[in-house]
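Chemist:
Residue numbers (our numbering), protein chains in the order written: chain A, 146 to 345; chain B, 480 to 590.
(1) Taking a cut of 7 Å between CB atoms, which residues from the region 310 to 344 of chain A lie near chain B?
(2) Taking only the alpha-carbon atoms, compute the straight-line gap between residue 540 of chain B and residue 261 of chain A and give it to the nearest angstrom.
(3) Output, in chain order, the set of chain A residues within a Cβ distance shorter than 7 Å of residue 523 of chain B.
(4) Would you give the residue range spanned by the beta strand (DSSP E) that residue 329 of chain A belongs to?
(5) Specify, as a first and last residue, the run of the alpha helix (DSSP H) that residue 244 of chain A falls within.
(6) For the 8 Å Cβ check, are there 3 or more pairs between the region 320 to 334 of chain A and the region 276 to 293 of chain A?
(7) Identify each residue in the region 254 to 284 of chain A for which the Cβ-Cβ distance to at least one residue of chain B is less than 9 Å, and report them in chain order.
(8) Give the C-beta separation of residue 308 of chain A and residue 299 of chain A to the nearest angstrom, bearing in mind that I take them to be a contact with Cβ-Cβ under 8 Å.
(9) Sort B:549, B:559, B:527, B:496 by Cα distance to residue 481 of chain B and report the nearest one.
(10) Skipping 5 residues on each side, what residues in its chain have a beta carbon closer than 8 Å to that of residue 318 of chain A?
(11) Run through chain A and tell me which residues come within less than 7 Å of residue 534 of chain B, C-beta to C-beta.
(12) Let me see if you follow: with CB-CB separation under 8 Å, is residue 505 of chain B close to chain A or not?
(13) Look at residue 556 of chain B and residue 563 of chain B and say whether their C-beta atoms are less than 8 Å apart.
(14) Buried or exposed for residue 534 of chain B, going by 16 or more other Cβ atoms inside 10 Å?
(15) I'd like the ranges of any beta strand (DSSP E) spanning at least 3 consecutive residues and lying wholly in the region 509 to 559 of chain B.
(16) How would you write the range of the beta strand (DSSP E) that residue 488 of chain B sits in, first residue to last?
(17) What's the call for residue 571 of chain B, buried or exposed, on a 16-neighbour Cβ count within 10 Å?
(18) Would residue 492 of chain B pass as a contact of residue 520 of chain B if the rule is Cβ separation under 8 Å?
(19) I need the boundaries of the alpha helix (DSSP H) containing residue 571 of chain B, first residue and last residue.
(20) Output needed for residue 249 of chain A: all residues of its chain with C-beta closer than 6 Å, excluding positions within five of it in sequence on either side, in chain order.
(21) When the Cα of residue 487 of chain B is compared with those of A:297, A:265, A:290, which residue comes out closest?
(22) Between the beta-carbon of residue 336 of chain A and the beta-carbon of residue 272 of chain A, is there less than 8 Å?
(23) Have a look at residue 210 of chain A and residue 243 of chain A and give me their C-alpha separation to the nearest angstrom.
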C-alpha cells in the first residue's frame with residue numbers, strides 16, 4: 146500500500162495535523178478488520194483493495210463494507226455502529242438527537258445580571274444566548290428597542306407600562322439598546338443551554 | 480465617581496474604575512474620574528443642574544398641556560353665555576376654571 150501522511154488513495158483519514166503513529170496504524174487496521182468481518186467477508190490482511198475500501202468507509206464514516214444500497218443487509222452490530230454515527234449532513238440523526246440539538250439552542254437557567262447604561266449604550270454577548278430586559282415605562286411614551294443582528298422593540302401605552310423584551314444573539318454580537326421614559330427593572334444575559342459552560 | 484464613555488458619551492457611572500472595567504458585557508472607549516455628580520435621567524447621564532433644567536422643562540410642558548385642557552373645558556359655557564343662554568352655573572364654572580388656570584400660570588411664572 147502506498148501510504149501518504151493522513152491520506153490514502155485520495156481519501157483523507159479522520160486524523161489531522163499529524164502523521165499516523167504505529168499504534169494508530171494498528172488501530173486503523175483493527176477497525177478495518179472489524180468492518181470487513183461485519184460485512185461477512187473473510188479478513189485478509191494481504192488484500193490491499195479490501196483494506197483501502199474499509200479505510201474509505203471509515204474516513205467517510207457513513208457506511209459499512211458490503212452494505213447494499215438499501216442497507217438491508219447490515220448486521221445488528223453494523224446497524225448499531227451505523228446509527229450511532231451522524232453523517233456530515235446530519236440526515237441520520239435520531240429523534241432523540243434532534244431533540245437534544247434543539248435543546249442546546251434554548252434558554253438555560255444560567256444568566257448574568259447586567260446594568261442598563263444610558264440609552265444608546267452597546268453590549269457584547271459573552272456567549273450564544275439572549276439579552277433580556279424587563280422595562281418599566283413611567284408614562285405612555287415609554288419605549289425600549291434592542292438592535293443586534295435582528296431587532297425587537299416595545300412601546301408603552303395608557304394601559305401597558307411594563308415591557309419585557311428578549312433578543313437572541315450569537316457570541317460576540319454587539320447590540321445597542323435605545324430607551325426612553327422609563328427604566329430597567331431587570332437586565333440580564335441568559336446563556337443558551339449549549340453555551341452554559343461559558344458562564345463564569 | 481468614575482464615568483464610562485462610548486462614542487464620547489457617558490453611558491455608565493460607578494464608584495471605582497475597577498467596577499467599571501469589570502462591568503459584564505460592556506466595554507468603554509475611556510474612563511474618567513470626576514467630582515461632579517451624574518444621575519441617569521430618562522436614558523442619559525446628566526449633572527444635578529442639568530437634571531433640574533430637564534425637570535423644569537418637563538413640568539412646564541405638563542402645565543401648558545393642563546392650560547390647554549382647561550381652555551377646552553371653558554368652551555361650552557362660553558358659547559352658552561355668548562348666545563345669551565348662559566346660566567349662573569356656567570358663570571361659576573368659568574370662574575372655577577379661571578382660578579385653576581391662574582394657579583397654573585403662577586407656577587409657570589415661578590419656574
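Even for Gly, the Cβ is constructed at its ideal location relative to N, Cα and C. Here the structure is a predicted model, which means the values were calculated and not measured.
Modeler: So, from the data block:
(1) 324, 325, 326, 334
(2) As the crow flies, the alpha-carbon of residue 540 of chain B is around 27 Å from that of residue 261 of chain A.
(3) 263, 264
(4) 327 to 337
(5) 240 to 249
(6) yes
(7) Residues are counted here when their Cβ sits less than 9 Å from a Cβ of chain B; for the region 254 to 284 of chain A these are 257, 258, 259, 260, 261, 262, 263, 264, 265, 266, 267, 268, 269, 270, 271, 276, 283, given in chain order.
(8) With 8 Å as the limit, residue 308 of chain A and residue 299 of chain A qualify as a contact, their Cβ atoms being about 4 Å apart.
(9) B:496
(10) Hits under 8 Å: 269, 270, 293, 294.
(11) Simply none; closest approach about 13 Å.
(12) yes
(13) no
(14) exposed
(15) 509 to 512, 517 to 520, 523 to 526
(16) Its beta strand (DSSP E) spans residues 488 to 493.
(17) exposed
(18) no
(19) 567 to 589
(20) 338, 339
(21) A:265
(22) For the 8 Å CB-CB criterion, residue 336 of chain A and residue 272 of chain A form a contact.
(23) With a pLDDT of 43 at residue 210 of chain A, under the threshold of 50, the predicted position of this residue should be treated as unreliable, and no value is reported.
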